[in-house]
Amino acid sequence: MYVPRHFAGSDPDRMRQLVRAHPLGVLVTLTPDGLDANHIPFLLHDDPAPHGELHGHIARANPLWRDHYGDLQALVIFRGPEHYVSPSWYASKKESAKVVPTWNYAVVHAHGRLRIVEDPVWIRAHLEEMTGRQEAKRRDPWALTDAPADYIEKMMSAIVGLEIRLTHLVGKFKLSQNRTDRDRDGVVDGLLQEGTESAKEMARLVREAGKLPPT
2 MYVPRHFAGS
12 DPDRMRQLVR
22 AHPLGVLVTL
32 TPDGLDANHI
42 PFLLHDDPAP
52 HGELHGHIAR
62 ANPLWRDHYG
72 DLQALVIFRG
82 PEHYVSPSWY
92 ASKKESAKVV
102 PTWNYAVVHA
112 HGRLRIVEDP
122 VWIRAHLEEM
132 TGRQEAKRRD
142 PWALTDAPAD
152 YIEKMMSAIV
162 GLEIRLTHLV
172 GKFKLSQNRT
182 DRDRDGVVDG
192 LLQEGTESAK
202 EMARLVREAG
212 KLPPT
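Position one of the sequence shown corresponds to residue 2 (my numbering), numbered consecutively onward.
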């Protein structure tokens with residue numbers, strides 16, 4: 002991924018935060034037939050250091066696990082907030098017509114070694130953890146034990162686990178850092194006026210990236 006210096010995400014904690022906040026990743030692998038991409042929710046574990054591991058699962062019907070039954074290279078792309086930026090928001094537009102639209106976004110590319118896991122103990126622990134994290138804030142959280150044991154066993158037999166030991170993370174946070182303070186102010190105002198949740202989230206990120214005071 003091309004990452005200009007002013008958009009580089011060098012803070013490991015910030016990149017991990019994005020992965021945990023947006024856990025649906027795109028797993029990219031190379032098969033005998035070419036590149037393959039699968040959309041998979043992942044759990045990020047801090048161990049082993051320094052980069053940790055990603056844990057996920059796929060259906061046994063997915064040929065991915067047969068194509069990659071070994072220690073193979075993989076890339077997982079996590080996409081965070083993103084939003085269109087109108088040139089009409091820039092303060093500099095009033096001084097010059099030399100402005101164009103762009104798109105702001107935050108992404109993390111997680112590189113690592115993929116291993117297929119068929120151990121039922123590992124798979125159950127993974128499902129319990131994933132379910133627990135997603136259900137934690139619900140009024141009546143669902144747990145694996147809520148379903149009949151034989152049904153859960155049957156469902157578990159239809160999936161395989163994925164374990165990706167991470168070798169490095171690459172982050173790109175394109176948040177108008179290349180614009181002047183006045184232009185960034187305009188971007189924040191324009192996003193807030195749009196009023197959608199995605200626009201407000203992007204406004205927060207642009208403000209933080211430019212160290213702008215809250216509005």
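Think of the CB as a built atom: it goes at the ideal place given N, C-alpha and C, for glycine as much as any other residue. Predicted model only: the values in this text are computed from it and were never measured.
- Proximal residues to A144 (C-beta, below 8 Å), its chain only, five neighbours per side dropped: Indexing the sequence shown from 1 puts residue 144 at position 143. If we look at A144 and ignore the five residues flanking it on each side, its Cβ neighbours are E129, T132, G133, E136.
- Query: If we ignore side chains and look at the alpha-carbon of each, how far apart do D147 and P121 end up?
  - Reply: On the sequence shown, position 146 is the one that residue 147 refers to. On the sequence shown, position 120 is the one that residue 121 refers to. Taking the straight line from one Cα to the other gives about 19 Å.
- Message: Using 8 Å for Cβ pairs, my map puts N105 next to K175. What's the rounded Cβ distance?
- Response: For this step, residue 105 is matched to residue 104 along the sequence shown. For this step, residue 175 is matched to residue 174 along the sequence shown. That belief holds up - the Cβ atoms of N105 and K175 are roughly 5 Å apart, short of 8 Å.
- Please go through the segment 37-120 and give each complete alpha helix (DSSP H) segment of 4 or more residues, from N-terminal end onward. Residue ranges of uninterrupted alpha helix (DSSP H) with 4 or more members, entirely inside the segment 37-120 and ordered along the chain, are 65-68.
- Query: From this set, D184, A150, I41, which residue's C-alpha is nearest R80's C-alpha?
  - Reply: Counting from 1 along the sequence shown, the entry for residue 80 is found at position 79. That would be I41, whose Cα lies nearest to the Cα of R80.
- Message: What does the Cβ neighbour count give for R67, buried or exposed, with the cut at 16 atoms within 10 Å?
- Response: Mapped onto the sequence shown, residue 67 falls at position 66. So R67 counts as exposed.
- Taking buried to mean at least 16 other C-beta atoms within 10 Å of its own C-beta, is G26 buried or exposed? Counting from one through the sequence shown, the residue named residue 26 turns up at place 25. By the neighbour-count rule (16 or more Cβ atoms within 10 Å), G26 is buried.
- Local conformation of K138 per DSSP, three classes: For the purposes of this step, residue 138 is taken as the residue at position 137 of the sequence shown. In this structure, K138 counts as coil in the three-state DSSP scheme.
- What is the residue span of the beta strand (DSSP E) that V171 lies within? Reading the sequence shown from its first residue, position 170 is the one you call residue 171. 160-175 is the extent of the beta strand (DSSP E) around V171.
- Message: By the DSSP assignment, the beta strand (DSSP E) with L25 in it spans what residues?
- Response: As a position in the sequence shown, residue 25 is number 24, starting the count at 1. Start and end: 25-32.
- Cα-Cα, which of A107, P64, R185, V207 is closest to D37? Here residue 37 is taken as the residue at index 36 of the sequence shown, counted from 1. If we check each option's Cα against that of D37, P64 comes out closest.
- Any idea if R183 is buried or exposed, counting beta-carbon neighbours within 10 angstroms, 16 or more meaning buried? Reading the sequence shown from its first residue, position 182 is the one you call residue 183. Classification for R183: exposed.
- Message: Beta-carbon within less than 7 Å of R17's beta-carbon, same chain only, minus the 5 sequence neighbours each way: which residues are those?
- Response: The sequence position of residue 17 within the sequence shown is 16, counting from 1. In the same chain as R17, and ignoring 5 residues on each side of it, the C-beta atoms closer than 7 Å to its own belong to L45, in chain order.
- Message: Report the CB separation of H23 from S199 in whole angstroms; it is logged as a contact under 8 Å.
- Response: Within the sequence shown, the letter at position 22 stands for residue 23. Within the sequence shown, the letter at position 198 stands for residue 199. Not quite, the Cβ-Cβ distance comes to about 12 Å (not below 8 Å), so this is no contact.
- Ignore the nearest five residues each way along the sequence and tell me which others in S87's own chain have a CB closer than 8 Å to its CB. Translated into the one-based positions of the sequence shown, residue 87 becomes position 86. Beyond the five residues adjoining it in sequence on each side, S87 comes within less than 8 Å, by CB distance, of P102, G191 in the same chain, given in chain order.
- Name the two residues that bound the continuous alpha helix (DSSP H) containing V189. The sequence position of residue 189 within the sequence shown is 188, counting from 1. That run of the alpha helix (DSSP H) goes 182-195.
- To which residues of the same chain is V108 closer than 6 Å at the C-beta, ignoring the five residues directly before and after it? Position 107 of the sequence shown, counted from the first residue, corresponds to residue 108. R80, K173, listed in sequence order.
- Message: So, for V207: in the same chain, excluding its five sequence neighbours on each side, which residues have a beta-carbon less than 8 Å away from its beta-carbon?
- Response: For the purposes of this step, residue 207 is taken as the residue at position 206 of the sequence shown. Excluding positions up to five away in sequence, the list reads N105, L176, S177, R185, V188, V189, L192, L213.
- Based on the DSSP output, what are the partners of A294 in its beta bridges? Nothing can be reported for residue 294: it is not among the residues displayed for the chain, which extend from 2 to 216.
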